[in-house]
Amino acid sequence: MTATSAPTGRSIPRISLRDWDTRKNEIQRQIMEAAENVGFFIIKDQETPSVADIEEAFKASEAFFQLSDDVKKETPFIREQNTGWEKRAQIRPSTNLPDQKESIQLQYHRRHDQTWPHVDDQIPNFHNVVSGFMEKTQAVSLKILSCLAVGLGLEEDYFAKIHDVNSDEAMTTLRLLHYHESETREIPKGHIRAGAHTDYDVLTLLFQRTGEEGLEVCPGRECYTSFGMGDTWTPVEAKTGEIVCNIGDMLMSLSDDRLKSLFHRVRNPCADESRKARHSIAYFNQPMRSAVIQGPLKKYPPVAAKDFILDAAKRNYAQGEKERQEAIKNSKFQYPDNGQPGVILSANA
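Using UniProt numbering, read the sequence shown as starting at 1 and increasing by one per residue.
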């Protein structure tokens with residue numbers, strides 16, 4: 001295990017999955033140590049998805065976002081299902097302003113219904129590339145989750161049993177993300193690419209591309225219901241082929257706050273960085289709706305996964321709702337491409 005150092009003096013552990021079968025116990029210890037002491041870690045040398053798989057997925061994602069808004073809005077965001085396309089519509093409690101991005105959220109078990117874009121006539125093989133990428137990402141997710149299960153004293157297949165992506169109750173979601181360029185379009189004052197937030201899920205896997213920096217993480221939470229965080233941010237290096245993993249609120253709760261779900265954000269480009277668009281792909285491992293979430297120590301009462309996410313959304317978004325609406329109403333910045341933004345209570349924050 002190596003580490004990516006940051007100017008703050010903190011580091012993000014880098015863990016190799018090479019020789020999984022012979023190094024499994026060593027890898028398990030490294031993942032558990034990172035989850036408990038840092039909350040973020042970087043996976044590399046995984047068998048699947050390969051670098052070629054990841055590059056192919058990014059190519060499909062970039063092609064999708066190059067389509068006209070009229071085409072993309074044929075797959076609208078459906079809040080109840082946490083699926084579909086949105087553009088500058090997700091407002092973070094930390095900023096009270098819409099993120100400067102667009103995204104489409106997809107679920108594997110819905111891949112043959114209207115929640116997936118039907119664009120293969122414009123992007124050849126889009127459906128097969130994205131669904132195949134989800135299968136490969138699910139496979140590596142279950143390896144990582146098995147390590148966390150063992151570390152928490154659970155059965156090795158504990159998370160596999162409650163993360164059946166083929167089930168009608170599945171909530172695991174892939175999110176293709178496009179952060180808008182700022183070379184020709186002014187970013188309004190106070191807006192950033194993605195405001196500080198935590199994820200509500202069990203485990204997030206994030207794919208980035210080399211040279212497209214901006215992801216930062218901040219430590220400081222001691223319990224999953226806490227809003228507290230510091231003001232020192234550590235950059236997480238973007239490198240094609242590697243997978244950035246972070247613990248979500250649900251796993252922090254399920255571990256009785258032993259594993260850390262940290263605030264993170266995507267800042268705007270610095271003066272010496274590219275101001276071109278940024279693309280990333282996030283895979284949110286979320287249990288089936290009826291799965292019961294409670295840690296071994298029973299620090300928190302049992303709750304169904306679907307209710308956990310709803311409660312997390314209410315807790316995060318109830319604060320300052322009036323102020324957010326006032327900020328939108330009084331904003332001098334116009335949104336000619338999609339009107340005034342709305343509030344998206346994404347299960348992924």
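From the three backbone atoms N, C-alpha and C, an ideal C-beta is built for every residue, glycine too.
Do you know whose CA, among the options, lies nearest residue i's CA?
{"i": "Gly-214", "options": "Glu-237, His-197, Asp-201", "result": "Glu-237"}
{"i": "Asp-19", "options": "Gln-28, Ile-123, Cys-245, Glu-212", "result": "Gln-28"}
{"i": "Asp-45", "options": "Ile-293, Arg-175, Ser-280, Arg-23", "result": "Arg-23"}
{"i": "residue 351", "options": "Ser-103, Ala-63, Phe-65", "result": "In the structure displayed, the chain extends from 1 to 349; residue 351 sits before or after that span and is not available."}
{"i": "Pro-235", "options": "Phe-58, Gln-294, His-264, Leu-145", "result": "His-264"}
{"i": "Glu-47", "options": "Ser-280, Glu-155, Ile-144", "result": "Ile-144"}
{"i": "Tyr-200", "options": "Leu-254, Phe-207, Met-250", "result": "Met-250"}
{"i": "His-163", "options": "Asn-125, Ser-146, Val-71", "result": "Ser-146"}
{"i": "Arg-205", "options": "Lys-299, Ser-280, Leu-310", "result": "Correcting the residue identity first, residue 205 is Leu in this sequence and not Arg. When only C-alpha atoms are compared, the closest one is Ser-280."}
{"i": "Asn-82", "options": "Gly-295, Phe-284, Leu-67, Ile-293", "result": "Phe-284"}
{"i": "Ser-11", "options": "Asn-25, Glu-156, Glu-216", "result": "Glu-216"}
{"i": "Lys-101", "options": "Lys-314, Ala-34, Tyr-179", "result": "Tyr-179"}
{"i": "Leu-262", "options": "Trp-233, Asp-21, Arg-278", "result": "Trp-233"}
{"i": "Glu-56", "options": "Lys-299, Gln-114, Asn-25, Phe-207", "result": "Phe-207"}
{"i": "residue 355", "options": "Gly-248, Val-266, His-112, Ser-50", "result": "Beyond the ends of the chain as shown, which are 1 and 349, falls residue 355; an answer cannot be given."}
{"i": "Ala-52", "options": "Gly-295, Lys-276, Arg-209", "result": "Arg-209"}
{"i": "Ala-277", "options": "Ala-63, Ile-43, Asp-21", "result": "Ala-63"}
{"i": "Thr-137", "options": "Ala-313, His-112, Tyr-108", "result": "Tyr-108"}
{"i": "Gly-248", "options": "Lys-299, Ala-312, His-112", "result": "Ala-312"}
{"i": "Phe-159", "options": "Trp-116, Ala-305, Ile-309, Lys-314", "result": "Ala-305"}
{"i": "Asn-166", "options": "Arg-110, Phe-126, Gly-132, Cys-218", "result": "Arg-110"}
{"i": "Trp-116", "options": "Gly-132, Arg-88, Gly-84", "result": "Gly-84"}
{"i": "Val-244", "options": "Ile-43, Asp-257, Arg-88, Pro-49", "result": "Ile-43"}
{"i": "Ser-50", "options": "His-112, Gly-132, Gly-295, Ile-309", "result": "Gly-132"}
{"i": "Asp-257", "options": "Arg-88, Tyr-300, Ala-291", "result": "Tyr-300"}
{"i": "Lys-161", "options": "Ile-309, Ala-291, Gly-295", "result": "Ala-291"}
So residue i packs on residue j, CB below 8 Å; how close in whole Å?
{"i": "Pro-287", "j": "Val-202", "result": "6 Å"}
{"i": "Met-171", "j": "Arg-289", "result": "6 Å"}
{"i": "Thr-173", "j": "Ile-54", "result": "Actually they are not in contact, since the Cβ atoms of Thr-173 and Ile-54 sit about 18 Å apart, beyond 8 Å."}
{"i": "Val-38", "j": "Pro-13", "result": "6 Å"}
{"i": "Lys-106", "j": "Val-71", "result": "Residue 106 is actually Leu in this sequence, not Lys. Rounded, the Cβ-Cβ distance is 16 Å, inconsistent with contact."}
{"i": "Phe-40", "j": "Asn-246", "result": "5 Å"}
{"i": "Leu-297", "j": "Ala-35", "result": "Rounded, the Cβ-Cβ distance is 17 Å, inconsistent with contact."}
{"i": "Leu-152", "j": "Ser-255", "result": "6 Å"}
{"i": "Leu-148", "j": "Ala-282", "result": "Contact flag wrong, Cβ pair sits at about 18 Å."}
Buried or exposed for residue i, please, with buried defined as at least 16 other CB atoms from any protein chain shown within 10 angstroms of its CB.
{"i": "Glu-242", "result": "buried"}
{"i": "Glu-323", "result": "Note that Glu-323 scores 45 on pLDDT, short of 50, meaning its location in the model is unreliable and no value can be drawn from it."}
{"i": "Ala-139", "result": "exposed"}
{"i": "Leu-17", "result": "buried"}
{"i": "Ile-15", "result": "buried"}
{"i": "Ser-61", "result": "buried"}
{"i": "Asn-128", "result": "exposed"}
{"i": "Pro-302", "result": "exposed"}
{"i": "Glu-86", "result": "buried"}
{"i": "His-118", "result": "exposed"}
{"i": "His-197", "result": "buried"}
{"i": "Glu-80", "result": "exposed"}
{"i": "Ser-253", "result": "buried"}
{"i": "Asp-121", "result": "exposed"}
{"i": "Ser-68", "result": "exposed"}
{"i": "Ser-346", "result": "Model confidence at Ser-346 stands at a pLDDT of 44, short of 50, so the residue's coordinates are unreliable and nothing is read from them."}
{"i": "Ile-293", "result": "buried"}
{"i": "Gln-66", "result": "exposed"}
{"i": "Glu-155", "result": "exposed"}
{"i": "Thr-184", "result": "The predicted position of Thr-184 is uncertain, since its pLDDT is 48 and thus under 50; no value can be drawn from it."}
{"i": "Gln-114", "result": "exposed"}
{"i": "Asp-168", "result": "exposed"}
{"i": "Asp-157", "result": "exposed"}
{"i": "Pro-124", "result": "exposed"}
{"i": "Asp-307", "result": "exposed"}
{"i": "Asp-21", "result": "exposed"}
{"i": "Tyr-224", "result": "Unreliable placement is indicated for Tyr-224, whose pLDDT of 47 sits below 50; no coordinate value is reported for it."}
{"i": "Lys-314", "result": "exposed"}
{"i": "Gln-319", "result": "Interpretation of Gln-319 is limited by its pLDDT of 48, a score under 50 that renders its predicted location unreliable; no figure is taken from the coordinates."}
Name the DSSP bridge partner or partners of residue i?
{"i": "residue 350", "result": "Since the first residue of the chain shown is 1 and the last is 349, residue 350 is not available in this structure."}
{"i": "Lys-276", "result": "In the DSSP output, where bridge partners are listed per residue, Lys-276 has none listed."}
{"i": "Gln-105", "result": "Gly-84, Arg-175"}
{"i": "Asn-246", "result": "Phe-40, Thr-204"}
{"i": "residue 350", "result": "Nothing can be reported for residue 350, as the shown portion of the chain is limited to 1 through 349."}
{"i": "His-197", "result": "His-264"}
{"i": "Thr-234", "result": "Val-217"}
{"i": "Ala-304", "result": "Val-292"}
{"i": "Pro-124", "result": "None, per the DSSP bridge assignment."}
{"i": "residue 351", "result": "What the structure shows of the chain is the stretch from 1 to 349, and residue 351 is not part of that stretch, so it cannot be assessed."}
{"i": "Ile-78", "result": "Thr-83"}
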